[in-house]
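Right, one structure below, let's go through it.
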Amino acid sequence: MKIEVLGMGCASCNKLYQNALEAVRQSGKEVQVVKVEDIQKIMSYGVLSTPALVIDGVVKAAGKLPKAEEIKEWIK
Amino acid sequence: MNDRCLCEQNEILIFACAGSANVGQIANQAAIQLAQHGVGRYFCLAGIGGHVSGMIESTRAGKLLVGINGCSVACATKTLEHAGFLVGEHIQVTDLGIEKNHDLHLNPSDVGKVVHHLASRISKRKEG
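Structure follows, in structure tokens:
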């Protein structure tokens, strides 16, 4: 499983990255978490608002900051 | 290349039907002008119709969705509603006295009429 955190490096994007790491830590699962800061790559997902969170190629959230608990549910 | 940060809040999202008749293209041009005037952000209706997850989730972040329909078929509004969104503000270009036809030589004053009408309605909404 792979989580991509889309954002251009602002505070909200960094916070979402931390939330994703925390969700993975709590779940105990083997999940790769990567930051995507390239605007072209971000837009290739059809995302028009960041921060955004993508799990295995599917955008689960955009323009908001899901908490670790919520992300944990998505990676169950 | 667009190097603008996408973290800006998109409170007002504008969708146009962009249909093949003159009124659909007037709707599209009006959406572009409204975005250029800072009234809202122009969003992609085709992405909603295609259930593109990025577009759907980006739209969820909006506070007010505006649908600009060319005619009474109301494709912009219906597409958004079909995807489960509530369209807070919507109009039909034909309701402003602009006749639907297939002449794509658009009259700029028709586009201006739609822009003015919607900008005024959205402004009143903000005041209210």
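So the sequences go chain by chain: G and D.
Under the numbering used here, residue 76 is the last one in the first sequence; the count climbs by one each step, no gaps.
Under the numbering used here, residue 204 is the last one in the second sequence; the count climbs by one each step, no gaps.
Backbone N, C-alpha and C define an ideal beta-carbon position, used for all residues, glycine too.
Cα-Cα, which of G:G7, G:K76, G:I71 is closest to E37 of chain G?
Of the candidates G:G7, G:K76, G:I71, the one whose C-alpha sits nearest the C-alpha of E37 of chain G is G:G7.
If you run the structure through DSSP and keep just helix, strand and coil, what is N145 of chain D?
The answer is strand: DSSP assigns N145 of chain D an E or B state.
With a cut-off of 8 Å, does the C-beta of V58 of chain G fall near any C-beta of chain D?
So yes, V58 of chain G belongs to the interface.
Within-8 Å CB hit, N86 of chain D to chain G
Answer yes: the Cβ-Cβ gap between N86 of chain D and chain G drops below 8 Å somewhere.
Hey, does S134 of chain D have any beta-carbon neighbour from chain G nearer than 8 Å?
Taking Cβ atoms only, chain G reaches closer than 8 Å to S134 of chain D, which makes this a yes.
Which residues, in chain order, does the segment 110–132 of chain D contribute to contact with chain G at a C-beta distance below 7 Å?
For the segment 110–132 of chain D, which is checked against every Cβ of chain G, the residues closer than 7 Å are F119, G123, V128, S129, G130, M131.
Quick check: is the beta carbon of D79 of chain D nearer than 8 Å to any beta carbon in chain G?
With a pLDDT of 49 at D79 of chain D, under the threshold of 50, the modelled position of that residue is not reliable, and no figure is offered here.
For the segment 110–125 of chain D and the segment 50–66 of chain G, state whether three or more C-beta atom pairs, one from each stretch, are separated by less than 8 Å.
Judged by Cβ distances under 8 Å, the segment 110–125 of chain D makes no contact with the segment 50–66 of chain G, as fewer than three pairs qualify.
Can you check which of these residues, D:A152, D:V163, D:S148, D:Y118, is closest to G125 of chain D by C-alpha distance?
When each option's Cα is compared against that of G125 of chain D, the closest is D:A152.
Neighbour-count burial assignment, E4 of chain G, 16 or more Cβ in a 10 Å radius
Counting the other Cβ atoms within 10 Å of the Cβ of E4 of chain G gives 16 or more, which makes it buried.
Name the residue from G:L21, G:M1, G:C13, G:K72 whose alpha carbon lies nearest to the alpha carbon of K64 of chain G.
Nearest Cα to K64 of chain G within the set G:L21, G:M1, G:C13, G:K72: G:C13.
Is the CB of L82 of chain D under 8 Å away from at least one CB in chain G?
So yes, L82 of chain D belongs to the interface.
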